[in-house]
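Number of protein chains: 2
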Amino acid sequence: MIKIFNTSDSNFSATFMEILNRGKMDIKNVTPIVQNLLDDVIFRGIDALKENIFKFDKWEPRGLDDIRIPLNDLAKAYNQLDDNAKSALHTAYDRIYSFHLKQKPKTWLDFEENGTVLGQKITPVDRAGLYIPGGKAVYPSSLLMNAIPAIVAGVKDIIVCTPTPSNEPNNILLATAYLCGIKEIYKVGGASAIGLMAYGIDGVKKVDVITGPGNIFVATAKKLVFGEVCIDMIAGPSEIGIIADENANPKYIAHDLLSQSEHDEMASSILITTSKELATEVSAHVSMILPSLSRKNIAKESISNRGAIIVAKDIDECIALSNQLAFEHLEILTHNSFELLSRIKHAGAIFLGENTPEPIGDYLAGPNHTLPTGGSAKFFSPLGTEVFMKKSSIISFSKQALDELGEECAILADLEGLDAHKKAILVRKKEI
Amino acid sequence: MIKIFNTSDSNFSATFMEILNRGKMDIKNVTPIVQNLLDDVIFRGIDALKENIFKFDKWEPRGLDDIRIPLNDLAKAYNQLDDNAKSALHTAYDRIYSFHLKQKPKTWLDFEENGTVLGQKITPVDRAGLYIPGGKAVYPSSLLMNAIPAIVAGVKDIIVCTPTPSNEPNNILLATAYLCGIKEIYKVGGASAIGLMAYGIDGVKKVDVITGPGNIFVATAKKLVFGEVCIDMIAGPSEIGIIADENANPKYIAHDLLSQSEHDEMASSILITTSKELATEVSAHVSMILPSLSRKNIAKESISNRGAIIVAKDIDECIALSNQLAFEHLEILTHNSFELLSRIKHAGAIFLGENTPEPIGDYLAGPNHTLPTGGSAKFFSPLGTEVFMKKSSIISFSKQALDELGEECAILADLEGLDAHKKAILVRKKEI
């Protein structure tokens, strides 16, 4: 079911190219449709939202009041949660909060002897919009992972948009919103929701930052509004890469590959190993476990079409391939996983050792589960507090500092032919 | 020449709205043209570049060798620099380097008592592309401000694209490239250059990050390739805001406003003051200084059409207006400038006190001069090393940690109906 390749196969480079291109999304093709949906929100406001909710979610809101979820419903949903779920959500909240507090950048100032003060003031944005998918599956963990960095950043206004088919909100999602202290939730999805958040409508102020996962329409809409607002990243289907040597447990690996495959038919699950025996065993376990999964149809399509086991000649080759692929999730299941860490150049999140299955990171290890996909870990980072914050440089020169550096500054202005720049320096040195 | 408004004017809100919208760029209109230029690079490679260089820069390269600047030319240009220019460029380099080293994020690990290890590995991207405008004016400071963060980040491969009309490279730009240790420079500009860097062509590898200023075609191209690569921001015309009380020196302010206006007819220069007298004096100084400027035509058009002096009723109102406008550059020229710092919510760079004219920040104070414009300081940050770096989360659980947290993790997977996620946990707890 899951295919096994060997790096020494004559056609391996074609296979590898296919895996390299796993994340390609056809954004260009859907751009005109998405641009129209965005423009519609700009020009028609609430009427555009009503029409699209009717079209996509099959219910008829009368106005904004119908689209916004009442505060009372959130508390009610939270109170209905059973104790185990409540406790698990709180554990996840606390651990995610604590990790993001540690990675939060802080304002700093530096003083030079001549009286110069330089630094960065780092402050939260005023208002953030979180897109949380709904429909077929609802992921409260996505809400935690998007809301908590904004909360830790210190964002005052956090709003959520989520598609709500048949006007039936998911209770666990509402309960999670209550846990996060979110008060403003709109039942709208897709490009319209991104338009609502990016441009605002009568009664809903525009936001400064939009984050959150979504399908290609949401991803394209986020790209189109970039510049009007900041966005986190453009994410595609989820994926896992596993580097394993002969010491790894094949049953664990099979489960980890399948846990990625069950997300989505387009998900990729790739094992890169030095051991031919392990490859065969993992493949057998995958075939054995699959029929028992509740989402076996999705997992099967994903693992057969977009899963792969690659047998490499040594661990160096495993690492080289992994760095080229820049996986969203990378598990290292070797006898010396920590030692390999220094050689991993590109990956969204790195899971070390056999006690760290990827789902631990999806829910409650602490780091964010919103990660760059499709090789974009070569330049994008996990979602973090910094997306909800921005920096202002701080510069203060003393008279002495200006005396010391003014002349060279004027020379540079001169090199660029910027006369008024030079004069702004000289006037203070009483030289004009 | 520069208009004076009062916040109590009956039509002030219309004026203010115009200033709020100062940064609007019509990216949507140029998108089809720019998309074609990008596609052309993808499909025709070097032929597309040759054709566009001929069209826009009026010379005929025979091939890639003609487009790339020979290494020898860089050293030669550097050696031809006069000593004052050399020394000023070195001072700027050193100060910018030192500031960016201070703001560079660092890898960290955190250990919990139960054996959990969490952290972030922060590493440079492999290859960065810098777009440096050329043509009418050439700005070596832009090269310093884009290259140094990449150098400090640790990027191994840094390439530069710059339009070179008539195939006549600017010597100071080449000298600055030599100073920065940049070895790969291509004489190509506009959307084609962004396409070259984002997608690569035969002989030029694609980059991971593109930064640098440019006109609306460059800005649009950067937006369109976002996702294929990371970009810094989408920047529009430059601008300055100045908050001043009655203690400020009107002559200094007039010079600072004009130093922004001389950049570009579309630049905005805005003074917000509590003092009617200061407003009148600044206006008089602006009219007096302007005719003496070498770029007086540009400055005049900019300051008359997009300059403004706003008289506010008190310092609180000055700050509130400034926070709404979120200036790229903000000077605070009041008796207590440092005390106001805590109340400035949004600004690209904040210049405190009368010895800190904005041009100091353009050249050699240390912080980056690539700053968010048009109000986008509400969510974008100055260019920094982090644009050339990315984070990988690190997660390692011990057996004990998995025992402690596995069950709650499985509960959360269950809430989301992700069976295989749950099983990846349970199999390690020997529960399946």
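Here the protein sequences come in this chain order: A and H. The first sequence begins at 2 in my numbering and counts up one residue at a time. The second sequence begins at 2 in my numbering and counts up one residue at a time. Glycine included, each C-beta is placed from N, C-alpha and C at the ideal position.
Beta-carbon neighbours of residue i, restricted to chain A and to distances below 8 Å
i: TYR200 of chain H; result: The premise fails here: TYR200 of chain H is roughly 13 Å from chain A at the closest Cβ pair, so nothing lies under 8 Å.
i: THR212 of chain H; result: In chain order: nothing, as chain A lies at least about 11 Å away.
i: THR92 of chain H; result: LEU406 and GLU409
i: ARG296 of chain H; result: GLY418, LEU419, ASP420 and ALA421
i: ALA402 of chain H; result: ASN356
Beta carbon of residue i nearer than 8 Å to that of residue j
i: GLU329 of chain A; j: PRO373 of chain A; result: yes
i: ILE70 of chain A; j: ILE186 of chain A; result: yes
i: LEU102 of chain A; j: ILE395 of chain A; result: no
i: ILE195 of chain H; j: VAL139 of chain H; result: no
i: ALA327 of chain H; j: ALA378 of chain H; result: yes
i: GLY191 of chain H; j: VAL219 of chain H; result: yes
i: ARG96 of chain H; j: LEU365 of chain H; result: yes
i: PHE389 of chain H; j: PRO214 of chain H; result: no
i: PRO141 of chain A; j: LEU416 of chain H; result: yes
i: THR165 of chain H; j: ASP58 of chain H; result: yes
i: LEU180 of chain A; j: TYR98 of chain A; result: no
i: ASP209 of chain A; j: PHE380 of chain H; result: yes
i: ASN53 of chain H; j: SER193 of chain H; result: yes
i: VAL428 of chain H; j: HIS264 of chain A; result: no
Beta-carbon proximity list for residue i, same chain, < 7 Å, skipping 5 on both sides
i: ILE183 of chain H; result: ALA148, ILE159 and VAL161
i: SER276 of chain H; result: ASP246 and GLU247
i: LEU1 of chain A; result: The shown model of chain A, from 2 to 433, leaves out residue 1 of chain A, and the question about it has no answer.
i: ARG436 of chain H; result: In the structure as shown, chain H begins at 2 and stops at 433. Residue 436 of chain H is therefore absent and cannot be evaluated.
i: SER282 of chain H; result: Reading off the sequence shown, one finds Glu at residue 282 of chain H, where the question assumed Ser. The residues are PRO251.
Neighbour list for residue i in chain H, Cβ cutoff strictly below 7 Å
i: ASN85 of chain A; result: ILE412
i: SER124 of chain A; result: Note that residue 124 of chain A is Thr in the sequence shown here, rather than Ser. Result: LYS346.
i: GLN325 of chain A; result: Result: empty, since nearest Cβ-Cβ is about 10 Å, beyond 7 Å.
i: ASP363 of chain A; result: HIS422
i: GLY367 of chain A; result: LEU119
Bridge partner(s) assigned by DSSP for residue i
i: PRO125 of chain H; result: H:MET390
i: ILE173 of chain H; result: Its beta-bridge partners do not exist; DSSP assigns none.
i: ILE159 of chain A; result: A:ALA129
i: ARG69 of chain A; result: A:TYR187
i: GLU332 of chain H; result: H:ILE243 and H:PHE352
i: LEU119 of chain A; result: A:ASP111 and A:ILE396
Pairwise C-alpha distance: residue j and residue i
i: ASP41 of chain H; j: THR108 of chain A; result: 44 Å
i: GLY308 of chain A; j: SER262 of chain A; result: 8 Å
i: LYS430 of chain A; j: GLU355 of chain H; result: 11 Å
i: ILE211 of chain H; j: LYS423 of chain A; result: 30 Å
i: SER393 of chain A; j: ASP315 of chain A; result: 47 Å
i: SER323 of chain A; j: PHE13 of chain A; result: 15 Å
i: GLY1 of chain H; j: ASP203 of chain H; result: Residue 1 of chain H is absent from the model: chain H starts at 2 and stops at 433.
i: ASN73 of chain A; j: LYS157 of chain A; result: 20 Å
i: LYS224 of chain A; j: ALA421 of chain A; result: 38 Å
i: TYR94 of chain H; j: THR163 of chain H; result: 20 Å
i: ASN26 of chain A; j: ALA49 of chain A; result: Per the sequence presented here, residue 26 of chain A reads as Met, with Asn not at that position. Cα to Cα, the separation comes out at about 26 Å.
i: GLY64 of chain A; j: LYS87 of chain A; result: 33 Å
i: ASN37 of chain A; j: ARG23 of chain H; result: 25 Å
i: LYS346 of chain H; j: ASN168 of chain H; result: 45 Å
Same chain, Cβ closer than 6 Å to residue i, neighbours up to 5 away in sequence not counted
i: SER303 of chain A; result: SER262, GLU266 and ALA268
i: GLY116 of chain H; result: SER399, GLN401 and ALA402
i: THR371 of chain H; result: MET146 and LEU384
i: ALA151 of chain H; result: ALA129, ILE159 and PHE389
i: PRO106 of chain A; result: ILE123 and GLU387
i: CYS410 of chain H; result: ILE426
8 Å CB neighbourhood of residue i in its chain, flanking five on each side removed
i: LEU259 of chain H; result: SER270, VAL287, ILE290, LEU291, LEU294, ALA300 and ILE304
i: LEU110 of chain H; result: VAL118, LEU119, GLY120 and ILE395
i: PHE352 of chain H; result: HIS330, LEU331, GLU332, ILE333, PRO358, GLU359, ILE361 and GLY362
Interface residues of chain A facing residue i [CB-CB closer than 7 Å]
i: CYS231 of chain H; result: PHE380 and PHE381
i: ARG69 of chain H; result: Correct list: empty, because the minimum Cβ distance to chain A is about 24 Å.
i: PRO470 of chain H; result: Outside the displayed range of chain H (2 to 433) lies residue 470 of chain H, so it cannot be described from this structure.
i: THR357 of chain H; result: ILE396, SER397 and PHE398
Neighbour list for residue i in chain A, Cβ cutoff strictly below 9 Å
i: TYR253 of chain H; result: ALA425, VAL428 and ARG429
i: PRO141 of chain H; result: LEU413, LEU416 and GLU417
i: GLU302 of chain H; result: By Cβ distance, chain A contributes nothing, its closest Cβ being about 14 Å from GLU302 of chain H, past 9 Å.
Chain H contact residues for residue i, given Cβ-Cβ distances below 8 Å
i: PHE352 of chain A; result: ILE396 and SER397
i: HIS101 of chain A; result: By Cβ distance, chain H contributes nothing, its closest Cβ being about 11 Å from HIS101 of chain A, past 8 Å.
Proximal chain H residues relative to residue i, where beta-carbon distance stays under 9 Å
i: ALA138 of chain A; result: GLU417, GLY418 and LEU419
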